[in-house]
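Protein chains in written order, with the working numbering: chain A, 22 to 777; chain B, 39 to 249.
Rendered as structure tokens:
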């Protein structure tokens, strides 16, 4: 026994000695270390030829220039384009992670037809010919049955060839129901229409302003063209300029501002008018602008001799700091000092539109803030607000209409954006669901085409929108991604993603010069997708007749080339068309109102004579049942438009915003104490239109009685990286139609919170 | 006392025998079995004759060229081959495979790269060839004279070519191309006195090659 044991030990020692003298341990150590440094599952771009393609990002209305780095035929990195007038080399988190939309899991890879129940996720892949034929046949059927007006269309952006093609299609087809996604740009456009008499979009020379008062605008949360605003914000900091943030919640912008004015939610316009009161009362306004270039400052008389109060009378009669303080909760002395600093600054600028500006907002508020800019002459001058003519390069002759089209176009709109009620508004996407559900137009909606929009996610009162969708027999989505709307569609004709298609991208929001960008194919289409313009033309041609005749172009690209005309070559070469020597029109020529002056008070107010324009926009719900006010808030880390967060972005959501699948609602500690809620507790949040499970996050950054939820969460489609996380705040909110524009002006909703 | 003595008498031989047995077994395992287990072989998609191409095109750079931006193209892509190989040239089986399976289908040839460094290594051909004036064969050896593609051996743990560590398990080498580890880089840089006091010795120098 002893011998065997010792022999065994000797064998082991011999083995150890032999092993040490063999390459095994040394080589193995080396190999293992190499293995750990180059995990085989770590993605590494393939080796190959590097190249860069300049294009334009279309993931938000910002219109940033991008430079995409490629290795052979694979895009490996998106960077901001240096020298681009919008973003000059900068890029946001969504733009930087855009490759995950191109190569990621949420693409629709080929035309698909629904085979299961709606939303069940059962699809069959069909050929493009079949898909085009299916759409054309259905639309032709509705048309020949005499209901062309029963086809509606929703697009994302308003300008450029693709939205114009859809608009043209709807006209030739015979339906008035063409709608585009609404945002603050629409409210600004109506404001400029009423106060400048111009069909214009706003440009903000933000970088050159020296005293900025932002009425809830998320300057570093994605307002305007996000990267451009980051750059402006950085410049203000570097040059010691002042930013005052007026907002009910301590947002990132408020936290970084020189002063945060915590205002009662929804009362921003009252504060703006009270600042105007101080400026007028103390004679601090720009006398030359007001005297020579503005109308309706003093009381005025119309052609029929009727007298109306001017802006001065109106403001001095109801917006003293003491009165305003009662409504806004802002100390009167603060209002006075804010107004004095604003009027005393060399280049003051007032901004409005809450958060990222996804909700059009109250027109009254926009006009009040714009009047503030007018008072200090911050119009069409460095550091001010400029009126930029809307892009007008799409100048196609009108399509020929047949009998059916003419009859259809005579019918009222489903969304209510016509007739006497809202004469300044082209379309009201937020009014669509109500129109469908109530049947107010007098006919049924049988089909809906959706391109570049995701109404089932982004529109408020999701239940009503869902109900409207359920009643529409045929929904066609042109989405590149399996988003919420595509998931509920009957037919998907997938568009190329923005990195695979050529498309004009006009008018980056908020840029103070007219610019047209050209999005270009960075990589060849990865799947069996098609430029949406070509899909639409295909449907029209298949239908034939006057609808087909309206699209004489050989292809979308031919249409684009013809539309761009002489600009095509520059756009192909540089990816952007800039009017380098652009300067805003001087005060003498800038206004095209009846008075040819800046209108402090306008026809809009007369138009709404019987409406209570000056009151705070009322939100849905009664205080008795719903003691709290829920407001949404935006974050750069949460994409809240038609495109959802990328997987990379989802990883950056803070722990006090989302934990696992639960969203945190921000609650003031005093409010929480009164409701017996503690940090991290699960609660049930109820509003007049919905309820949701949330967790409580105590925050001193929000006032008593107000609670806040982030936008951009609560997706149910898209990919597992974002679906099922948190709550879609649009589902808990209800749109409120602005009395003048009819657009959604809801800044919040009444709510209650209880322990779950 | 007596027990111990008895053991001394009979066990010593056995112990030595088992020591030798263990020693020999582990040496066999380490020197013969382990290399066989560690490495596996793959054949190239088809044989490539460097010699015949050198006769036709004259220089390495004709196919392994530097791009305008200074990056090195490495193994040629189909696009370069197609200029001459649109149709089958000559009568070899390999040519037939190349043209019929790859050229006609626009499929890149999945060549296995003998000298490919791990992903954690950044190597600039430009710095060595264009700036340093080195010849290809200084590091790659007489590959231009070969008529056949030898089997590609790769490490099962790391997945990399055996050429990096070298054929010899001990890491011995006669020629520069027998081994391409970091020590070999350092050796050559020391011998030639390349920038001994700059990027390679300063703080952050690791990142020159390990980006």
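By construction, the Cβ of each residue, glycine as well, lies at the ideal position given by its N, Cα and C atoms. Bear in mind that the values here come from a model prediction, so they are computed numbers and not experimental data.
*asked:* At the level of alpha carbons, what is the spacing between residue 497 of chain A and residue 478 of chain A?
replied: 16 angstroms
*Residues near residue 104 of chain B in its chain [Cβ-Cβ closer than 8 angstroms; skip 5 each side]*: 110, 111, 163, 164, 167, 168
*Taking 8 angstroms as the threshold, find out whether the stretch 737–751 of chain A comes into contact with the stretch 642–649 of chain A through three or more Cβ pairs.*
no
_Less than 7 angstroms between C-beta atoms, sequence neighbours within five positions excluded: which residues of the same chain meet that for residue 364 of chain A?_
Same-chain partners within the cutoff: 300, 305, 306, 397.
*Would the beta-carbon of residue 182 of chain B fall within 8 angstroms of that of residue 92 of chain B?*
In this structure, residue 182 of chain B sits near residue 92 of chain B, with a CB-CB distance shorter than 8 angstroms.
*So which residues of chain A does residue 157 of chain B contact, with C-beta pairs closer than 7 angstroms?*
59, 65
*Could you give the C-beta distance for residue 540 of chain A and residue 526 of chain A, rounded to a whole number, given that I count them as a contact under 8 angstroms?*
5 angstroms
_Own chain, CB closer than 7 angstroms to residue 121 of chain A, minus 5 neighbours either side, in chain order_ = 667, 668, 669
*Is DSSP giving residue 127 of chain B helix, strand or coil here?*
coil
*C-alpha distance - residue 198 of chain B paired with residue 192 of chain B, whole-angstrom precision*: 5 angstroms
*Reduced DSSP category for residue 321 of chain A - H, G, I as helix; E, B as strand; rest coil*: strand
*Using a Cβ-Cβ cut-off of less than 8 angstroms, list which residues of the stretch 54–73 of chain B approach chain A; keep chain order.*
54, 55, 56, 57, 58, 59, 60, 61, 62, 63, 64, 65, 67, 68, 69, 72, 73
*asked:* On the DSSP bridge list, what partners appear for residue 371 of chain A?
replied: A:234
*Say the cut is 7 angstroms; is the CB of residue 707 of chain A nearer than that to a heavy atom of the ligand MG?*
Here there are no bound small molecules, and the ligand MG is not part of this structure.
*Under 8 angstroms between C-beta atoms, does residue 31 of chain A make it to chain B?*
yes
*Look up residue 789 of chain A in the DSSP assignment and say whether it is helix, strand or coil.*
In the structure as shown, chain A begins at 22 and stops at 777. Residue 789 of chain A is therefore absent and cannot be evaluated.
*Whole angstroms is fine: what's the gap from residue 144 of chain A's alpha carbon to residue 501 of chain A's?*
15 angstroms
*asked:* Tell me the rounded alpha-carbon separation between residue 696 of chain A and residue 718 of chain A.
replied: 13 angstroms
*asked:* I'd like the span of the beta strand (DSSP E) that includes residue 718 of chain A, first residue to last.
replied: 711–719
*Given a limit of 8 angstroms on CB to CB distance, which residues of the stretch 179–201 of chain B reach chain A?*
193, 195, 196, 197, 198
*What is the DSSP secondary structure of residue 57 of chain B, reduced to helix, strand or coil?*
Of the three classes helix, strand and coil, the one that applies to residue 57 of chain B here is helix, per DSSP.
*Where in the stretch 635–677 of chain A do unbroken runs of the beta strand (DSSP E), each at least 3 residues long, occur, reported from the N-terminal end onward?*
649–654
*Should the stretch 478–493 of chain A be regarded as contacting the stretch 562–578 of chain A, the criterion being three or more beta carbon pairs within less than 8 angstroms?*
The stretch 478–493 of chain A vs the stretch 562–578 of chain A: no contact.
*Looking only at its own chain, which residues have a Cβ that is under 8 angstroms from the Cβ of residue 263 of chain A, when we skip the five neighbours before and after it?*
231, 232, 233, 257, 279, 280, 362, 366
*Using a Cβ-Cβ cut-off of 8 angstroms, state whether residue 740 of chain A counts as contacting chain B.*
no
*Give the single residue among A:522, A:44, A:174 whose Cα lies nearest to the Cα of residue 474 of chain A.*
A:174
*asked:* Please list, in chain order, the chain A residues whose beta carbon lies closer than 8 angstroms to that of residue 168 of chain B.
replied: By Cβ distance, chain A contributes nothing, its closest Cβ being about 17 angstroms from residue 168 of chain B, past 8 angstroms.
*Run down chain A in chain order and give the residues with a C-beta less than 9 angstroms from the C-beta of residue 105 of chain B.*
70, 71
*Under a three-way DSSP split, which group does residue 113 of chain A fall into?*
Reduced to three states, the DSSP call for residue 113 of chain A is coil.
*With a 10 Å radius around its C-beta and 16 neighbouring C-beta atoms as the bar for buried, classify residue 394 of chain A as buried or exposed.*
buried
*Jot down the residue ranges of each uninterrupted alpha helix (DSSP H) in the stretch 405–482 of chain A, minimum 4 residues, whole runs only, in chain order.*
424–431, 453–459, 476–479
_How far does the alpha helix (DSSP H) with residue 75 of chain B in it extend, from its first residue to its last?_
72–76
*Specify, as a first and last residue, the run of the beta strand (DSSP E) that residue 173 of chain A falls within.*
172–176
*So, using beta-carbon positions, are residue 732 of chain A and residue 772 of chain A closer together than 8 angstroms?*
no
*So, using beta-carbon positions, are residue 293 of chain A and residue 371 of chain A closer together than 8 angstroms?*
For residue 293 of chain A and residue 371 of chain A, yes; Cβs fall inside 8 angstroms.
*What is the DSSP secondary structure of residue 75 of chain A, reduced to helix, strand or coil?*
Residue 75 of chain A falls in the strand class under three-state DSSP.
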